[in-house]
Amino acid sequence: MEKVITTCPYCGSGCSYFLCVEDGKVIGVAPNRVHPISKGRLCVKGWNAHEFVHHPGRLTKPLIRKGGNLVEASWDEALDMVANRLKGIKEKSGSDSIGVLSSAKCTNEENFVMMKFARAVIGTNNVDHCARLCHASTVAGLARAFGSGAMTNSIDELEHADVILVTGSNTIEQHPLIAVRILKAVRDHGAKLILVDPRSIQLSKFAVIHAKHKPGTDVAWINGVMNVIINEGLADEEFIKTRTEGFEEMKKLVMDYTPEKVEEITTIPADTIREIARTYARASAASIVYSMGITQHTTGTDNVLSCANLAMITGNVGKPSTGVNPLRGQNNVQGACDLGALPVVYSGYQSVADENVRKKFSEAWGAEMPSAPGLTVVEMVNAAADGKLKGLYIMGENPMLSDPDLSHVKEGLEKLEFLVVQDIFLTETAELADVVLPAESYAEKTGTFTNTERRVQLVNKAVEAPGEARPDWDIVSDVARRMGYDMKYNSAEDIMTEINKLTPSYTGITYQRIRENWGLAWPCPTLDHPGTPYLHKDKFTRGLGSFHAVPFKPPAEETDDEYPFILSTGRMLEHFHTGTMTRRSDTLDREVPKGFIEMNPKDADAIGVRNNWPVRVTTRRGSVVTTARVTDGIPEKMLFMPFHFREAAANMLTNPALDPIAKIPEFKVCAATVEGVQ
Amino acid sequence: MAEKAYTVKLGDVSRLLGKIAKEKYDVIVPTTQDGDVLYLPFKDGMGVVMDHGNPLTPPKEFFLPQTDELVKYKKEGKGFKAEVAKSSLDCKRVLFGIRPCDVHALMCIDLPFKDTYDDSYYLQKRANTLILAMTCNEPGDNCFCASMGCGPDLDDNYDLLFTNIGDMLYVKVGTDEGKNLIDTAPEFFDEADKKDAKARSAKIKEVENKFKRKLDTKKLGRLKDKFDDPTWQEMADRCIKCGGCNYICPSCYCFNVVDRTYGDDGVRERSWDGCMLEGFTRMAGGANPRQANVERMKQRYYHKLQYFNDRYGRHLCVGCGRCTDVCPVEINMVDYVNKIIGGA
Ligand code: SF4
Ligand code: SF4
Ligand code: SF4
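Chains S and D, in that order, give the protein sequences. Here the first sequence stands for residues 2 to 679, numbered as in our numbering. Here the second sequence stands for residues 83 to 426, numbered as in our numbering.
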């Protein structure tokens with residue numbers, strides 16, 4: 002028996018535990034009491050994070066499509082094919098006809114190598130990953146308001162906030178080890194929890210106020226709350242004067258949003274709006290926590306800007322236990338963004354539009370750097386469907402379940418001249434590929450993940466990979482070499498050294514330091530810098546904090562007679578993202594073995610359906626049969642569906658309409674109808 | 083059993099264990115890795131932690147691992163050929179430093195595992211393992227073994243029992259096998275004298291007074307009338323269904339069995355399961371007698387503190403406090419149970 006300390010591959014909380022290894026197999030998980038986030042505790046996913054590692058379905062050999070079927074091939078054959086086909090497409094149709102999807106599940110080092118591959122080897126900025134689908138609007142919105150698109154404060158600080166405003170986050174299910182800080186603040190320190198969420202969730206029981214708004218009306222309720230704060234003299238004038246700009250313009254707009262008007266838009270009673278305003282604004286340290294209920298809208302960026310407005314108007318930024326705290330979904334979605342797996346920035350959010358930055362990377366990498374901004378996830382799928390994108394290299398992502406409007410995604414992927422998918426299992430997306438490359442799971446490799454509080458932590462190799470699987474960074478650099486680009490690393494740590502050199506916010510983050518300190522939070526610009534637990538202390542990253550006047554806009558698709566229900570999608574405690582790992586974990590899959598749709602008892606009655614009965618849900622995109630879960634936790638005329646299940650894929654139904662700035666799709670609202678089936 | 087007792091100098095313990103390890107024993111010791119104390123196989127030069135609180139992961143993992151192979155099978159002709167998995171324990175094992183509560187926990191698991199059927203996978207490991215227990219000098223914040231009669235001293239069910247009495251360990255002998263172990267490395271043992279024995283008693287007394295938590299066990303009989311106490315709901319509302327309190331409990335023994343087929347080969351494995359998980363009692367058609375979390379919460383506590391006792395005459399809780407340590411939402415077992423039974 003051996004125990005290897007590592008970082009959880011599931012949510013962005015960033016828990017740590019030991020993997021228990023016996024005879025070369027991971028057989029269990031043991032918590033570690035001194036780790037600063039997990040403190041000897043885990044959620045059910047962490048406790049079972051060893052189960053998928055030796056699953057019989059693991060990919061162990063490269064696969065090549067021959068005569069319509071995927072058949073086993075040697076690495077040489079597969080990699081030569083990838084290199085030659087990509088080279089051919091590049092020569093014939095140009096660099097920008099190729100796209101790359103990097104991965105929020107892979108390590109920082111692998112994301113860095115992948116974005117380098119896109120820019121230096123392919124010569125395109127067409128590199129993105131599924132942050133686009135969860136927090137693109139956070140990155141865009143908070144960068145505009147504060148200058149930095151990440152959680153402003155650290156996880157532990159939540160315990161000492163006296164008011165916590167949670168909106169669009171089912172924190173107990175999605176970020177369990179962050180939620181427990183909220184529960185502790187409420188029970189042990191008398192904090193007040195304000196919850197704004199359309200559904201009753203477990204947190205509701207601990208909230209002093211739970212306002213249930215109509216999905217898609219976030220800007221309106223936040224404007225309403227600010228209207229009250231201004232009118233009742235609760236704003237922090239000093240903070241507004243010294244630390245921010247743009248207040249007057251915002252104030253003018255907000256004056257229109259009286260609580261009564263807001264009640265009409267959102268269905269939150271005017272008095273509740275007042276109560277939220279007073280409770281939040283009177284706190285000495287108030288923290289806003291949000292997640293995809295805020296971001297996954299065509300107004301996602303507006304919603305994020307509104308949260309930033311609310312924090313600034315009360316001076317709740319740049320101090321301990323305050324701030325605007327977007328909870329990032331995946332283990333390394335923060336890191337994949339940090340390392341530049343985005344179409345407009347290199348690592349450390351250095352812009353591709355900046356000539357000096359391009360020059361720096363061009364010199365470091367010995368290649369011309371493309372300057373045109375690249376395509377985002379959904380845009381790549383559209384470009385593929387239009388025949389403009391011809392080659393796609395996907396590492397550790399599964400758009401065939403994670404992206405909106407799956408029929409359209411399939412159409413796009415099938416139209417590609419060449420699709421290569423690198424993963425640990427034959428995912429729904431890999432099933433469509435021309436070449437499938439077997440990668441190592443987190444238990445088999447070394448590297449780093451950056452959690453939602455910007456803490457960069459180590460992942461340590463515990464066991465050998467199955468069959469011929471290789472680490473993602475190693476595969477990508479091998480393809481690069483076969484395309485004639487000299488890319489060679491001896492280890493993940495080797496890659497980190499290059500990251501240190503080229504990324505100011507990661508310069509002081511070395512393996513030795515994070516091993517000794519349980520990670521470091523960026524920005525960490527020098528080798529003796531202690532890391533940064535909370536941002537914007539005396540000054541915003543961008544100088545002055547910027548208010549934005551944000552008018553309310555309705556969702557892209559509103560209900561009508563034909564589609565009278567609002568359908569919202571989301572996640573749940575026991576499963577993760579497209580279920581690639583959790584649905585192959587016996588314990589987790591047994592907990593929730595099949596998909597479902599939540600509906601109100603009155604609606605169920607109206608269509609003659611009972612709990613656990615089959616129903617058909619239909620939108621303008623498609624139709625899915627699933628099981629009704631009848632609960633009065635969901636308001637009438639609203640439906641909720643988790644997206645983890647391939648047999649009842651919620652994304653057959655979702656609307657691919659995009660936020661114009663962040664290009665995030667509107668997963669949280671579309672119009673649907675539901676009926677019983679025999 | 084021999085009345086004789088011994089002492090070992092603290093400074094000699096590592097060398098003693100090193101010598102035992104050379105005698106074809108797998109030696110498991112508490113040691114520090116990555117900042118926490120864990121049980122790990124002894125290796126030369128490894129620091130053995132003597133004055134530690136109890137490791138969070140209990141020694142249960144060496145008898146009933148989180149995942150354990152039961153049967154290997156292979157396709158042969160039209161059918162399958164099965165072969166009982168070889169126990170990974172083919173030599174004798176010595177478990178050093180195991181605490182009294184955890185020895186009691188093994189005694190708990192022994193009961194159902196040799197009830198109607200013998201669970202050979204578990205019992206074989208039990209039979210092959212020598213228990214070199216150690217009494218605790220520093221009870222943890224959530225420990226209440228004294229309330230459960232499972233500590234801080236241990237009366238039997240050990241091969242050797244150590245107590246840290248300052249610069250040496252006092253050693254009591256529990257079995258012939260224990261004595262044989264001493265005989266393989268006699269150079270490390272001195273015969274204990276009266277003064278040493280006194281020091282031991284004083285130490286145990288001192289520890290008995292150190293407990294911060296006490297479960298009012300005299301009132302546990304009241305539980306049977308408390309099935310509808312609203313506190314259960316309060317606990318369930320808080321619980322985030324992690325299963326940790328089951329997994330980490332040294333006396334929780336429920337497991338699930340799954341088959342994994344790799345091409346023509348396969349293995350049947352069992353893995354830890356827990357009554358706090360919703361799938362634990364769900365039936366094939368989807369009906370679940372313990373659908374609501376509050377039902378599961380009650381099941382865990384009633385099994386620990388009433389049902390097991392009804393059947394086997396002892397409680398299934400040894401007071402190690404781990405379920406409280408590991409609970410992300412800090413549901414403190416002693417506080418809540420005392421509240422329910424109106425205890426101190
Ligand atoms: S809370 Fe998140 S990081 Fe922690 S164990 Fe659960 S899934 Fe892993
Ligand atoms: S129920 Fe809790 S205190 Fe009792 S033995 Fe189990 S983990 Fe220890
Ligand atoms: S450890 Fe706590 S949160 Fe986890 S299942 Fe047990 S009672 Fe619930």
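Built from N, CA and C at the ideal position, the CB exists for glycine as well.
From the options, residue whose alpha carbon lies closest to that of residue i
i: S:Trp614; options: S:Gly623, S:Ala607, S:Thr627; result: S:Thr627
i: S:Pro594; options: S:Phe646, S:His549, S:Ala384, S:Leu536; result: S:Phe646
i: S:Gly169; options: S:Leu64, S:His298, S:Gly47, S:Arg145; result: S:His298
i: D:Gly368; options: S:Thr619, S:Asn612, S:Ala440; result: S:Asn612
i: S:Pro57; options: D:Ile423, D:Cys405, D:Val340; result: D:Val340
i: S:Phe668; options: S:Pro32, S:Asp81, S:Ser104, S:Leu134; result: S:Leu134
i: D:Thr363; options: S:Ser39, S:Thr588, S:Gln335; result: S:Thr588
i: D:Pro140; options: S:Asp590, S:Val209, S:Pro32; result: S:Pro32
i: D:Pro147; options: D:Met379, D:Arg352, D:Arg396, D:Met415; result: D:Arg352
i: S:Met484; options: S:Thr508, S:Leu87, S:Ile65, S:Gly15; result: S:Leu87
i: S:Ser104; options: S:Pro534, S:Gln335, S:Ala384, S:Lys93; result: S:Gln335
i: S:Asn332; options: S:Glu454, S:Leu235, S:Pro405, S:Leu376; result: S:Glu454
i: S:Arg471; options: S:Val437, S:Leu459, S:Lys502; result: S:Val437
Extent of the continuous beta strand (DSSP E) run through residue i
i: S:Glu73; result: 70 to 73
i: D:Gln315; result: Where D:Gln315 is concerned, there is no enclosing beta strand (DSSP E), although the alpha helix (DSSP H) it sits in stretches over 312 to 320.
i: S:Pro657; result: 656 to 659
i: S:Val625; result: 624 to 631
i: S:Asp475; result: Run containing S:Asp475: none in the beta strand (DSSP E); it sits in the alpha helix (DSSP H), 473 to 483.
i: S:Arg244; result: Note, S:Arg244: premise wrong, no beta strand (DSSP E); alpha helix (DSSP H) at 238 to 244.
Residue i CB to nearest heavy atom of ligand 2 below 7 Å
i: S:Arg34; result: no
i: D:Ile330; result: yes
i: D:Lys386; result: yes
i: D:Ser333; result: yes
8 Å Cβ shell around residue i - same chain, five flanking residues per side excluded
i: S:His51; result: Leu20, Cys21, Val27, Ile28, Gly29, Val30, Ala444
Residue i: CB within 7 Å of a non-hydrogen atom of ligand 3
i: D:Ile422; result: no
i: S:Cys135; result: no
i: D:Ile322; result: yes
i: D:Pro410; result: yes
i: D:Gly231; result: no
i: D:Gly361; result: no
i: D:Met189; result: no
i: D:Gly427; result: Because residue 427 of chain D is not part of the residues shown, which for chain D are 83 to 426, the question remains open.
i: S:Ile6; result: no
Continuous alpha helix (DSSP H) stretch holding residue i: start and end
i: S:Gly47; result: 45 to 48
i: S:Ile90; result: 76 to 94
i: S:Glu276; result: 271 to 283
i: S:Ala342; result: Run containing S:Ala342: none; DSSP gives neither H nor E here.
i: S:Leu362; result: One point to set straight first is that residue 362 of chain S is Phe, not Leu, in the sequence displayed. 356 to 366 is the extent of the alpha helix (DSSP H) around S:Phe362.
Cβ-heavy atom distance, residue i to ligand 1, below 7 Å
i: S:Leu204; result: no
i: S:Lys40; result: no
i: S:Tyr11; result: yes
i: S:Leu178; result: yes
Beta-carbon proximity list for residue i, same chain, < 7 Å, skipping 5 on both sides
i: D:Cys324; result: Pro410
i: D:Tyr329; result: Trp354, Gly356
i: S:Leu184; result: Phe207
i: S:Ile665; result: Arg133, Leu134, Ala137, Ser138, Thr296, Gln297, Gly301, Leu659
Same chain, Cβ closer than 6 Å to residue i, five either side skipped, listed in chain order
i: D:Cys225; result: Gly403
i: S:Ala212; result: Val197, Ile269, Thr273
i: S:Ala681; result: Since the first and last residues shown for chain S are 2 and 679, residue 681 of chain S lies out of range.
Per-residue contacts from residue i into chain A (C-beta, under 8 Å)
i: D:Gln148; result: Annotation note: the requested chain A is absent from the structure, which comprises protein chains S and D.
query = Where in the segment 101 to 129 of chain D do unbroken runs of the alpha helix (DSSP H), each at least 4 residues long, occur, reported from the N-terminal end onward?
reply = none
task = Enumerate, from N- to C-terminal direction, the unbroken beta strand (DSSP E) stretches of 3 or more residues contained entirely within the segment 528 to 608 of chain S.
result = 566 to 571, 598 to 600
Secondary structure, beta strand (DSSP E): runs of 3+ residues fully inside the segment 183 to 216 of chain D = 211 to 216
key: Complete alpha helix (DSSP H) runs within the segment 148 to 187 of chain S (minimum length 4 residues, chain order)   = 172 to 175
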